[in-house]
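Chains as they are written, first to last, in our numbering: chain S, 108 to 432; chain U, 85 to 250; chain E, -15 to 417.
The block underneath contains the structure these notes are about, expressed in structure tokens.
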Amino acid sequence: MNHPHESNSAVLVETADAARRILAEVEKAVVGKREVLELVLVGLLADGHVLLDDVPGVAKTLMARSFATAAGLGFSRVQFTPDVLPADITGATVLDLATNEPVWRQGPIFAQLVLADEVNRAPAKTQSALLEAMQERQVTADGVTRPLPSPFLVIATQNPIESEGTYPLPEAQLDRFVLRTTVGYPSATDEGEILARRIERRQDEVALEPVVTAHDFRRMQQSLEDVHVEVSLQGYAVDLVTATRDDGQLEVGASPRGSLALIKLARARALLSGRDFVSPDDLRTVAVPALAHRVVLRAEAWARQVSAEEVVGRIVDTVAAPSWS
Amino acid sequence: MTLRHALAAASVSALAGAVLIALAAGTSPHRVWLGISGLLGVALTFPSLVTDPRDLLPALVFCVPPVIALAGDPGTTWLIGPLAVLLLVGAELGAASWEAEGKRASRGAGVQRTRRIGQLAALSLVGAVAVTFAARLVWLESTVAVVVAAGALAGLAGVTFTPAKR
Amino acid sequence: MSAPAIERSTTTTLTPARDGRLVAYTVVTFGVLAAALLMGEAALVPLAIPFALALALGLRRTAPVEVTARVTLFADQVLEGDEVEGLLEMSWSGDFDAHAVIHRLRGITIGARTDFDERVDAIERLEVPFRITAAQWGRHSLGEIWLRLTLPFGLVSWTGRLMVGPSLRVLPGAERLNRLLSPDRSRTAWGVHGSTRLGDGHDFAELRPYVPGDRVRDLNWAATGRHRRPIVNRHHPEVSGDVVIALDARDDGSELARRILTRTARTAWALATMHMRANDRVGLVGLGRSTRWLPPAGGRLAKYMLMETLLGIGGEAADGVTTSRRQVDVPAGALIIGLTPLHDDDTLLTLLRWRARGRSLAVIVIDPDDATAPAATPSERLAARLWGLELDARIAALRRRGVAVVRAPVDGSMGPVISGLRRARQRSGRRVG
């Protein structure tokens, strides 16, 4: 009976090592954002879509492209603008003028890692096309359903809501992202390091090497299933999510998708830390990025400039974690 | 009674006390006029305590003559120093009552201010008595007194006119 | 409360001013000494001694004092009735008795009071935590912060206004918000709305053969394959469009400003609700800020967004700071509805600039004069007449450039506004929402 366990442990060690190598490779391009990179990798390992919420110019695109390269994933980028149509994302049937036959021309969504840049600049219908594909992991057009590649991961970025010409993502659609986080500007020291590296390599582009193949990455994602989650921690995840539904500052709490995301992300974080079991700290660490975008603030709380992150953070501080030694 | 009222009453009492003692002890033939001056001085204390701009000059100017009149009788000159201190205390209490205006003026601040007035009074009393006895014990020609007074006048003038004007 | 803190700091040089005792002590000292001099009476000198000592002690420091002050409010936006903590920090060189005052507070109270008074003895640094209550909605400045420094036994004092405290946005409570923004009369215009945006939408309408000029992206490849000739999709125009309501009202604490603010808020909400019901995307822009889109469902959040945008405009005015306004940009193709009393030259210029760029523009003039007390004096009457002429000239300038302008009625009803705008826009050959 020990054999499979040992085998699983070996796979987990291997996965943790590969994940660290991916991070190290991405860090060659993205300087000084270790925590965000870890969080994004945790999201990708959890087979979830990641939403980066920040102003332009903080290396969101570079981050997505670097992860795609390091993880050996096919990459495509869609720049959302107000006139992008759903067919521009998913693809359309076009007429092959040589054969005079209609042929399917797939859209940029048919990639393993899709960067949906400035997703909130597109109107609701276009956003829906992307978000439906994210959820179903398939595209249906002209009555034909076409599966998306595996893994299929989306890193979407959105500008702050008050920027000109933005269409805020509806709360229901935000739920489809496993986590939301911000990137933030680099510190002065890190910015100096960025300049020094640019001068040293004598070109704009950072040449990154694939650390694993797409197949390996898929296996890494599957190995999360071997990370043990104790029953008390499952209860803790439920308690956290339930607390969001009872909080006086929240109009709408997190859905069951929230607790599923919590567990997935906590497993990925445990794996990244080289453990084959989830700890309460894993859940606490991922709770805010996993839940804050799934809740809706009451108007009064919004008026008091309370953020969803603060409310979820407070819930994490107040809900008792199971004793753990 | 508020702290402000208490301090103002103490101020008026001190000035009135100084004037009354000076009038009672004095032997000047012009006591009626001195009395009127003193009365006027005490009366002028009231507006100086309540009106703006706050200025104790009229009150002090009219309270001082009865005390000056004590210089005419060698038997009462020793009273001049202590009465001067009483006048100063009256003026200081008046100024303290200005400071005590306002709803948040604390009793602690009033006590602190009164303690400082006490310290100033003690220091002044020592100085005034010392000068009084120095004038009695040491033979001083009036010419020397003039020179001392003129020197002090010049010294104080230098200090007094240094501050910026309002 | 974890809202962002706001702080303001300043360094001020306080010059000394004489106390009410200084002249009196000086006159008594010099007068008595002069009398001693003239009378040759040394016995008078003790009379001058206490006053001379008080002068010597009281004038030992007379140089100006430099004061560094900082006031922090640990929130910049609250609801009516909320409490906000604050901290006043001041420092200077030397041990002074300090007396700090925050006064002229509007709309906020400290405890049950509308001012603040703190006295301490002989210190070099003063830190005073305080707690204020947002009593009334609006944009309220913390008030003027004054400091008076005196030395123990001093005959001069250093008094001065250090700064005007930062301003606080106070949004109305839920009940007042509803009363403020939802007067019954504003409902008259609902349901009479047309599209504001022409052009291709996402909704399929029909197929038709390709003609030169059609976009390749509109080719319907399946139909083209079946018919063996290019066929394009045609779409319904979007039934909804972008409407940006440009707000121009500042809460400077005056009765007039407050009236304009209230009427602007009501009119803006009535317009926003109407357009949201017509599936328009409604944006708000306070002059000097970027566009903010209201949530399509409306509701209380949208109302708070409106109030926040409105109260955000007058930040500089409330703080007594004059700054030049940033140029505001709004999405191309959006209908801009300006709500303004047209008091400000900058506002007029911004509106004309939008128009010059070909933006679709309508203006509702929030004219508070019909709600103010009639002019009492001849000069007031003259001023009112002159302003009336100026306002007419400004409206004429807008109309000359094809801008639809109507005046908002004093009773807040929206029917006349909408029909007036529609007539004005029809005259200029355009449609309006």
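Note that CB positions come from ideal geometry on N, CA and C, so glycine has one too.
I'd like to know if residue i contacts chain E, where contact means its C-beta is closer than 8 angstroms to some C-beta of that chain.
i, result
"U:GLY211", "yes"
"S:ASP224", "no"
"S:ASP249", "yes"
"U:ALA193", "yes"
"U:LEU123", "no"
"U:LEU207", "yes"
"U:LEU118", "no"
"S:LEU281", "no"
"S:PRO209", "yes"
"S:PRO275", "yes"
"U:VAL148", "yes"
"U:LEU204", "yes"
Which chain E residues sit within Cβ distance under 7 angstroms of residue i?
i, result
"S:LEU202", "TRP205, THR208 and GLY209"
"S:ASN266", "Those within 7 angstroms of S:ASN266 in chain E number zero; the least Cβ separation is about 11 angstroms."
"U:THR216", "PRO30"
Please report the Cβ distance between residue i and residue j, rounded to the nearest whole angstrom; I am assuming they are in contact, meaning their Cβ atoms lie under 8 angstroms.
i, j, result
"E:THR(-1)", "E:TRP130", "Between E:TRP130 and E:THR(-1) the Cβ distance is about 14 angstroms, and since that is not below 8 angstroms, they are no contact."
"S:ALA393", "S:LEU369", "Note that residue 393 of chain S is Val in the sequence shown, not Ala. 6 angstroms between Cβ atoms; contact."
"U:GLY125", "U:LEU99", "7 angstroms"
"U:ILE152", "E:LEU31", "7 angstroms"
"E:ASN217", "E:LEU245", "Their Cβ separation, rounded to whole angstroms, is 48 angstroms, which puts E:ASN217 and E:LEU245 out of contact at 8 angstroms."
"E:ASP105", "U:ALA193", "7 angstroms"
"S:LEU152", "S:LEU340", "The Cβ separation is near 18 angstroms, so there is no contact."
"E:GLU111", "E:LEU71", "7 angstroms"
"S:MET327", "S:ALA175", "Actually they do not touch by this definition, with Cβ atoms about 15 angstroms apart."
"U:ALA92", "U:LEU133", "5 angstroms"
"S:VAL226", "S:PHE187", "5 angstroms"
"E:GLY267", "E:ALA318", "7 angstroms"
"E:ALA249", "E:MET289", "About 12 angstroms separates the two Cβ atoms, so there is no contact after all."
"E:VAL227", "E:ILE321", "7 angstroms"
At least one CB of chain S closer than 8 angstroms to the CB of residue i: is that the case?
i, result
"E:ALA158", "yes"
"E:ASP66", "yes"
"E:GLN61", "yes"
"E:ARG369", "no"
"E:ARG284", "yes"
"E:GLU364", "no"
"E:PRO(-12)", "yes"
"E:ARG171", "Per-residue confidence for E:ARG171 stands at a pLDDT of 39, beneath the threshold of 50, marking its modelled position as unreliable; no derived number is given."
Taking Cβ-Cβ distances shorter than 7 angstroms, what residues in chain S pair up with residue i?
i, result
"E:TYR288", "ALA406, TRP409 and ALA410"
"E:LEU155", "ALA410"
Taking 8 angstroms as the CB-CB limit, is residue i close to chain U?
i, result
"E:PRO113", "no"
"E:LEU103", "Rather than Leu, the amino acid found at residue 103 of chain E in this sequence is Arg. True, the Cβ-Cβ gap to chain U drops below 8 angstroms."
"E:ARG145", "no"
"E:GLY4", "yes"
"E:PHE80", "no"
"E:VAL49", "no"
"E:LEU89", "no"
"E:VAL433", "Any property of residue 433 of chain E remains undetermined from this structure, which presents chain E solely from -15 to 417."
"E:ALA8", "yes"
Run down chain U in chain order and give the residues with a C-beta less than 8 angstroms from the C-beta of residue i.
i, result
"E:VAL11", "LEU141, LEU144 and VAL145"
Answer yes or no: does any C-beta atom of chain A fall closer than 8 angstroms to that of residue i?
i, result
"E:TRP277", "Of the protein chains in this structure, namely S, U and E, none is chain A."
Quick one: list the residues of chain S neighbouring residue i, beta-carbon separation under 8 angstroms, in chain order.
i, result
"E:GLU128", "The contacting residues do not exist; E:GLU128 stays about 26 angstroms from chain S at best."
Could you tell me which chain E residues have their CB closer than 9 angstroms to the CB of residue i, listed as they occur along the chain?
i, result
"U:ARG200", "PRO136 and PHE137"
So with CB distances below 7 angstroms, who are the chain U contacts of residue i?
i, result
"E:ALA27", "ALA155, THR161, ILE164 and ALA219"
"E:LEU319", "Chain U residues near E:LEU319: none, gap ~55 angstroms exceeds 7 angstroms."
For residue i, return the contacting residues in chain E, with the cut-off set at a CB-CB distance below 8 angstroms.
i, result
"S:ALA199", "TRP205"
Under 9 angstroms Cβ-Cβ, which residues of chain S neighbour residue i?
i, result
"E:GLU(-9)", "Here the premise fails: no neighbours, minimum Cβ distance about 16 angstroms."
Exercise. Anything in the segment 404 to 432 of chain S with a Cβ closer than 7 angstroms to a Cβ of chain E? List those residues in chain order, please.
Key: ALA406, GLU407, TRP409, ALA410, ARG411, GLN412, VAL413 and GLU417
Quiz item: Between the segment 345 to 358 of chain S and the segment 403 to 420 of chain S, do three or more beta carbon pairs fall short of 8 angstroms?
Solution: Yes, since at least three Cβ pairs between the segment 345 to 358 of chain S and the segment 403 to 420 of chain S fall closer than 8 angstroms, the two stretches touch.
Exercise. With 7 angstroms as the limit, tell me which residues of the segment 150 to 176 of chain U have their beta carbon closer than that to any beta carbon of chain E; keep them in chain order.
Key: VAL151, ILE152, ALA155, THR161, ILE164, GLY165, ALA168, VAL169, LEU172 and ALA175
Quiz item: Contact between the segment 165 to 177 of chain S and the segment 205 to 225 of chain S: three or more CB pairs below 8 angstroms?
Solution: yes
Exercise. Please confirm if the segment 384 to 393 of chain E is in contact with the segment 329 to 344 of chain E, defined as three or more CB-CB distances below 8 angstroms between the two stretches.
Key: Counting Cβ pairs under 8 angstroms, three or more are found: they touch.
Quiz item: Using 8 angstroms as the Cβ pair cut-off and three pairs as the minimum, do the segment 115 to 124 of chain S and the segment 379 to 393 of chain S touch?
Solution: yes
Practice problem: Pair every Cβ in the segment 151 to 162 of chain E with every Cβ in the segment 9 to 22 of chain E, then say whether three or more of these pairs are closer than 8 angstroms. | Solution: Short answer: they don't touch.
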